[in-house]
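Scroll down for the structure; my scribbles are underneath it.
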Amino acid sequence: MELQKKLDHIFKQIEKPGRYIGGEVNSIKKNIENIETRMAFAFPDLYEIGMSYLGMQILYNTVNKRENLYCERVFAPAPDMESLMKKEGVPLFTLETKTPLKDMDMVGFTLQYEMSFTTVLNMLDLAHIPLLSKERGEEFPIIAAGGPCAFNPEPLADFMDMFLIGDGEELLPEVLELYAQCKKENLSKREFLERACKLEGVYVPSFYDFEYNNNGTIKSLCKLNENAPEYVLRNIIPETESLDFPVKPVIPMVEAVHDRAVVETFRGCTRGCRFCQAGMIYRPVRERSKDKIIELAKAQIEATGNDELSLLSLSTSDYSDFHDLTLELMDYCKSNNVSLSLPSLRIDKFAFEVLNKIQEYKKSGLTYAPEAGTQRLRDVINKGVTEEDIYTSVEQAIELGWRHIKLYFMIGLPTETEEDLDGIAQIAKNIIDINKKYNGPKGGRFRLTVSVSNFVPKADTPFQWERQNTPEEFEAKHRYLEQRLKIKGVTFNYHDSYTSVCEAVFARGDRRTGKALLKAHQLGCRLDGWSEHFYPEKWKEAFKSSGILPEFYAYRERQEDEILPWEHIRCGVSKKFLMSEKHKAYKGATTSDCRYGCVGCGINRRVDCKLEGIYG
Amino acid sequence: MAERYVVRFSKNGYAKYTSHLDLLRFFKRAFRKSGIQLRYSQGFNPHPKLGFAQPLSLGYSSCCELLEFETDKKYETEEIYELLKNEMPDGLDLQWCKGIDGEIKFLAASCESAEYSVTIPYVLSESDLKKCIDGYLAQEEITAMKRQKKDKKMVAVDIKRMIRKLEGKASEHGIKLSMLLDCGSFSNCSPELVIASFCSFAQIDIPRYEMEVERREINFYNNLQF
Ligand code: SF4
């Protein structure tokens with residue numbers, strides 16, 4: 001039976017078939033005959049999630065600008081679709097042309113979170129592509145991956161032919177062009193990979209292997225192919241001003257999580273929170289000019305008909321010309337009936353002026369992320385927020401009529417004690433008291449949400465050597481906080497602990513942890529980021545039967561002289577800097593934002609830091 | 617004074633898997649993008665004045681969908697047609713735009729009946745098919761099972777008076793039913809009820825997902841025509 005007919009049968013039996021049909025406004029159709037390299041950009045989660053991700057829109061646009069290349073999209077099918085695809089024998093296909101992934105030249109996964117790793121495997125499986133790199137012959141596409149989780153690529157090393165580390169706007173088209181060239185020369189996959197690994201940012205895992213000590217730690221990294229570099233430098237694009245940016249993004253036909261125009265204002269962050277991987281791996285800060293941002297915003301609104309505009313960066317208010325940018329955008333948005341949303345805004349005086357004019361905010365509530373309950377611990381993690389800042393700002397918010405405030409904290413941070421947990425409750429109490437001053441002893445309709453997430457140590461951060469709490473420790477802390485936060489008007493949320501364990505194992509896992517992924521996949525794990533599809537029991541079994549112990553990977557403190565599984569992937573921030581930050585953390589010494597002056601993270605050995613010292 | 621318009625479009629191919637709400641969202645955006653300024657409702661939560669004459673079930677194709685909307689400013693219908701035509705994604709094709717007289721009720725409130733064509737890949741001879749249809753229509757009551765909105769329970773309903781016409785054609789690929797059914801807020805009969813009850817009467821044992829349904833026409837009270 002032909003594919004279209006099969007799909008017609010399937011689509012009538014599933015929920016939201018619109019997820020799989022493609023053909024959206026601004027999606028790209030090309031004549032396959034003129035194409036030299038075809039790639040499928042694979043997002044290992046559902047359509048609604050993947051379509052909200054700007055990185056995909058950026059790369060889709062960049063690759064498709066080239067006439068000889070074609071980038072199509074594919075997302076993870078929901079379970080109902082998955083089971084019918086299996087039943088009808090329909091292999092995973094691209095949205096644009098409904099071509100099976102196995103007929104592509106390359107399939108490139110984006111790795112945004114560790115909990116999507118089994119979905120990557122499941123998608124390969126649904127595409128009828130062998131999971132292990134070494135089991136794929138010349139007839140199968142090159143399987144590649146990039147994104148933040150590629151900075152510790154080892155858990156997926158056995159499954160991937162190559163990783164693309166760092167900025168993808170230049171690297172990805174370059175790799176695809178190289179592929180076209182190699183195809184013309186009739187070269188093998190291996191020959192292609194040998195050439196590709198010379199490009200800055202390309203890591204070919206099969207060209208390396210590890211030796212281990214008796215205690216399980218890494219003894220050495222050995223290079224198996226003489227063409228491969230000793231270590232892989234992350235690809236860094238020195239400035240983003242002239243980079244292509246999609247002003248005609250694909251418009252999701254099924255409502256996506258975010259359905260709005262987005263402009264990336266800058267990449268990178270200078271604050272240096274010690275738990276934050278994004279704050280390290282995207283350095284240095286590279287800003288777009290204000291005029292460019294406004295130009296892109298207008299062009300996108302005009303080309304899409306969006307009625308919401310949002311800015312994207314790691315911390316909105318840190319944009320160097322934030323004041324003027326915001327005022328100009330507000331003007332534009334107001335006169336065009338577009339609502340402006342400013343995520344992760346630092347709530348200061350200016351923010352209030354702005355927020356007061358943007359009505360929607362009062363509905364959604366104000367968000368603060370002190371991350372830790374005491375000043376001592378906030379100094380340890382280098383989160384430059386004081387309680388005074390928060391109280392002043394909260395007081396002002398309540399006075400201006402906000403009725404909902406959200407607080408974000410992390411538990412299980414290095415050096416944490418009971419006092420720090422008490423601190424979380426204390427902050428909540430104080431905010432409730434502030435509210436009573438304004439809204440009377442009963443507090444009115446005021447709500448405070450306290451959300452607590454579990455600290456997961458990440459590669460390339462000053463806390464990369466830290467131990468993670470065990471699920472039992474996390475749960476005890478949750479119970480403790482639950483007691484302490486039994487305060488009228490306070491809602492307490494926390495994350496599942498076993499999810500955090502899985503995250504921790506793969507965030508810092510070595511090549512051997514791939515076995516656990518494979519096992520978990522065989523047991524049916526996928527879409528683990530969705531609590532309704534997450535099965536801790538299967539994961540426990542996967543760890544047990546593959547011999548991958550969370551005790552070793554997650555709960556163990558790593559020695560400073562240990563070879564870490566991601567040491568050959570160089571993000572540009574030096575190990576020396578990370579280590580000195582760790583030591584400062586233990587002394588409770590803070591490190592200032594390098595806009596006040598360089599603090600020596602090492603990235604300036606590779607590129608200029610334009611914002612260094614701009615605060616004087 | 618509000619200006620009223622209606623556009624007609626078809627829905628084919630994979631676009632038939634776009635849900636009613638997603639399609640409405642699509643049109644709102646297409647209007648914003650085209651620069652045609654819709655009229656907004658008054659009140660606390662203003663929303664643009666546009667709506668379909670009749671929702672179309674997910675998975676149905678159609679050659680006759682109608683979208684009604686209002687603007688503050690007067691536009692040439694030709695201009696609206698040209699502007700909107702360019703915004704249509706794969707499978708949605710705009711056919712025309714016409715003005716609506718201010719006296720006329722909302723189209724959604726004026727629907728009387730709709731015509732559907734149902735393709736069933738089940739081979740029957742012309743005469744057997746005719747027998748089935750005649751027998752089906754000759755029943756004292758035509759009972760179909762319908763899920764109640766309020767408690768989600770299945771109840772039996774008699775749809776006999778809602779079927780205005782039912783005809784069939786047989787070919788070597790299967791049968792094609794053409795049906796004219798009550799449609800609208802006064803009396804409404806989903807083609808699903810006819811399909812299910814007819815197939816069970818005629819003992820046609822084909823899974824629903826192998827059948828295709830197309831809406832062919834929507835008819836209005838007072839013989840309103842466009
Ligand atoms: S090198 Fe210095 S200025 Fe540049 S990002 Fe690192 S700390 Fe900041």
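Going down the list, the sequences are from chains Y and W. Going by our numbering, the first sequence opens with residue 1, and the numbers climb by one from there. Going by our numbering, the second sequence opens with residue 617, and the numbers climb by one from there. Note that beta-carbon positions come from the ideal geometry of N, C-alpha and C, so glycine has one too.
- At least 8 Å separates the beta-carbon of residue 475 of chain Y from that of residue 217 of chain Y.
- Ligand 1 has no heavy atom closer than 7 Å to the beta-carbon of residue 269 of chain Y.
- Closest in C-alpha terms to residue 488 of chain Y, from the list Y:431, Y:516 and Y:451, comes Y:431.
- Per DSSP, residue 589 of chain Y lies in no alpha helix (DSSP H) segment and is marked neither H nor E.
- In this structure, the CA atom of residue 84 of chain Y is about 15 Å from the CA atom of residue 122 of chain Y.
- In this structure the stretch 569-577 of chain Y touches the stretch 225-244 of chain Y; the number of beta carbon pairs closer than 8 Å is three or more.
- The Cβ atoms of residue 623 of chain W and residue 713 of chain W sit closer than 8 Å to each other.
- Not flagged as an interface residue toward chain W: residue 279 of chain Y, since no C-beta distance is shorter than 8 Å.
- Burial state of residue 300 of chain Y is buried, judged by a 10 Å Cβ sphere holding 16 or more other Cβ atoms.
- Under a criterion of Cβ atoms nearer than 8 Å, no residue of chain Y is adjacent to residue 738 of chain W; the nearest Cβ is some 15 Å distant.
- Going by C-alpha positions, residue 353 of chain Y is about 15 Å away from residue 392 of chain Y.
- Measuring C-alpha to C-alpha distances from residue 671 of chain W to each of W:783, W:637 and W:652 identifies W:637 as the nearest.
- Per DSSP, the unbroken beta strand (DSSP E) holding residue 370 of chain Y starts and ends at 366-371.
- Against residue 18 of chain Y, the close residues of chain W are 633, 634, 635 and 638, in the order they occur along the chain (beta-carbon pairs closer than 7 Å).
- Interface with chain W (8 Å Cβ-Cβ cutoff): residue 374 of chain Y is excluded.
- Distance between residue 482 of chain Y and residue 422 of chain Y, taken at the CA atoms: about 11 Å.
- As the crow flies, the alpha-carbon of residue 787 of chain W is around 32 Å from that of residue 99 of chain Y.
- The contact set of residue 648 of chain W on chain Y, defined by CB atoms closer than 7 Å, consists of 305 and 307 in chain order.
- Between the alpha carbons of residue 163 of chain Y and residue 157 of chain Y lies a gap of roughly 9 Å.
- Along the stretch 733-766 of chain W, none of the residues has a CB nearer than 7 Å to a CB of chain Y.
- Those residues of the stretch 810-837 of chain W placed with their C-beta closer than 9 Å to a C-beta in chain Y are 823, 824, 825, 826, 827 and 828, ordered along the chain.
- As summarised for the stretch 57-102 of chain Y, the continuous beta strand (DSSP E) elements at least 3 residues long and confined to that stretch are 69-75, given in chain order.
- Of the heavy atoms belonging to ligand 1, none sits nearer than 7 Å to the Cβ of residue 606 of chain Y.
- Here the alpha carbons of residue 118 of chain Y and residue 518 of chain Y stand approximately 8 Å from one another.
- DSSP places residue 181 of chain Y in the uninterrupted alpha helix (DSSP H) bounded by 171-184.
- Ligand 1 never approaches residue 384 of chain Y closely enough for any of its heavy atoms to be under 7 Å from the residue's Cβ.
- Residue 225 of chain Y has its alpha-carbon roughly 5 Å from the corresponding atom of residue 207 of chain Y.
- When the Cα atoms are used, residue 12 of chain Y and residue 509 of chain Y turn out to be separated by approximately 42 Å.
- Beta-bridge analysis with DSSP links residue 727 of chain W to W:836.
- A straight-line Cα-Cα distance of about 9 Å links residue 49 of chain Y and residue 75 of chain Y.
- Excluding residues up to 5 positions away in sequence, 106 and 161 lie with their Cβ nearer than 6 Å to the Cβ of residue 142 of chain Y in the same chain.
- In this structure, DSSP gives residue 701 of chain W a helical state, which the three-state scheme calls helix.
- With a threshold of 16 other beta carbon atoms within 10 Å, residue 336 of chain Y falls short and is exposed.
- When DSSP states are grouped into helix, strand and coil, residue 783 of chain W belongs to the strand group.
- The beta-carbon of residue 347 of chain Y is placed no less than 8 Å from the nearest beta-carbon of chain W.
- The beta carbon of residue 85 of chain Y sits no closer than 8 Å to any beta carbon of chain W.
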